[in-house]
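Data first, discussion second: the structure below is written as structure tokens.
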Amino acid sequence: TRRRFERLVVKALKELPEEIRSLMDNVAILIQATPTPAQLFEVGLEATVRDMVKVGYHMRRSEHAEAIRMGQEFVQQHPPASVIGWGTVYSALAASLNHTKRYSEARKLCEVALAALSPGDLDYVIMYGPLVRELGVACAGTGDVKRALGIADAYVARLESAGEHALLAHAHECRVRVARMTGNQEMLMNALIAMRDAADRAASASVIQQAAKVTQASLRATHEFNPETIEEAQEEASASSEATPPGGFAR
16 TRRRFERLVV KALKELPEEI RSLMDNVAIL IQATPTPAQL FEVGLEATVR DMVKVGYHMR
76 RSEHAEAIRM GQEFVQQHPP ASVIGWGTVY SALAASLNHT KRYSEARKLC EVALAALSPG
136 DLDYVIMYGP LVRELGVACA GTGDVKRALG IADAYVARLE SAGEHALLAH AHECRVRVAR
196 MTGNQEMLMN ALIAMRDAAD RAASASVIQQ AAKVTQASLR ATHEFNPETI EEAQEEASAS
256 SEATPPGGFA R
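Per my numbering, residue 16 is the first one in the sequence shown, and the count goes up by one each step.
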């Protein structure tokens, strides 16, 4: 959090040698949420950050071939935890792999990424939750439905206990996708109801709107309930949304 980061800055300043601190009486310490383009350029990260943004951009526009190409290049150059924000790129790449039915590749990618995280890291759900979601979808796509549901259920329980309703809707969407992929209509209806309930409790217009789109696409898909129709309808719902984290709920 910003407050914790500020405490770390204060701690670092206190640990400076006295001869350095004595020269900083008139120095203003500014803490910014994000670095400026000039600062990124100075440390050689401007191109990296630009590429990170582009992967999520192409994924949200359903330009999956480009998202996969750029995402795979990023993964080759940046192992897990090697650069701030890496998780969003990995999850966006996994989402595009799942949407193009390359489930085995998505599963391997998510498993490698999540293995690099500690239990404490996983508390940052907004950063790493999408990796959990895409792993669940990938497991369903590779036929491991039991594990897919176990991942989704654990994710839902964790967010429910934390009162994270917007992200909880995201987690229920994972169950919606698994149900649609496996043709389980009862599970689908229950997941849709839970997703809409979480969206209402989140009281976020964008989350409620996305939940409505996913519901409409899912109900249309039930008329011809097969994996191909299901995934095409999910693609339509995901492509029409505009915001939040790559791989996140309101795409």
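We put the CB at the ideal spot given by N, CA and C, even for glycine.
Every value quoted in this text rests on a predicted model; they were computed, and no experiment measured them.
Could you check where the alpha helix (DSSP H) with residue i kicks off and where it finishes?
i           : result
residue 192 : 180-197
residue 168 : 160-177
residue 138 : Residue 138 -> no alpha helix (DSSP H), and no H or E assigned at all.
residue 123 : 118-130
residue 103 : 101-114
residue 207 : 200-217
residue 79  : 79-92
Going by the CB atoms, is the gap between residue j and residue i shorter than 9 Å?
i           : j           : result
residue 121 : residue 131 : no
residue 150 : residue 175 : no
residue 108 : residue 124 : yes
residue 82  : residue 71  : yes
residue 143 : residue 97  : no
residue 74  : residue 89  : no
residue 155 : residue 163 : yes
residue 218 : residue 187 : no
residue 222 : residue 181 : yes
Considering only residues of the same chain and omitting the five flanking positions on each side of residue i, which have a CB-CB separation below 7 Å?
i           : result
residue 230 : 207 and 211
residue 240 : Any reading at residue 240 must be qualified, since the residue scores a pLDDT of 44, below 50, and its modelled position is unreliable; the value itself is stated next. Contacts found: 198 and 200.
residue 101 : 93 and 95
residue 179 : 140
residue 69  : 85
residue 118 : 153, 156 and 157
residue 31  : none
Whose C-alpha, out of the options, is nearest the C-alpha of residue i?
i           : options               : result
residue 99  : 178, 65 and 85        : 65
residue 226 : 30, 214, 218 and 133  : 214
residue 146 : 205, 178 and 170      : 170
residue 128 : 104, 114, 117 and 118 : 104
residue 76  : 87, 220 and 114       : 114
residue 183 : 161, 216 and 157      : 216
residue 205 : 27, 168 and 30        : 168
Could you name the residues of the same chain whose beta carbon sits closer than 6 Å to that of residue i, not counting the 5 residues immediately before and after it, in chain order?
i           : result
residue 112 : 120 and 121
Looking only at its own chain, which residues have a Cβ that is under 8 Å from the Cβ of residue i, when we skip the five neighbours before and after it?
i           : result
residue 166 : 147, 150, 151, 154 and 189
residue 203 : 191, 194, 195, 233 and 237
residue 133 : none
residue 160 : 154, 193 and 197
Using beta carbons (cut-off 9 Å, strictly below), is residue i in contact with chain C?
i           : result
residue 169 : You won't find chain C in this structure, because it holds only one protein chain.
May I ask you to check if the CB of residue i is nearer than 8 Å to at least one heavy atom of the ligand GTP?
i           : result
residue 221 : Among the components modelled here there is no ligand, and therefore nothing to report on the ligand GTP.
Taking 8 Å as the threshold, find out whether the region 144-160 comes into contact with the region 188-196 through three or more Cβ pairs. Yes: at least three Cβ pairs fall under 8 Å.
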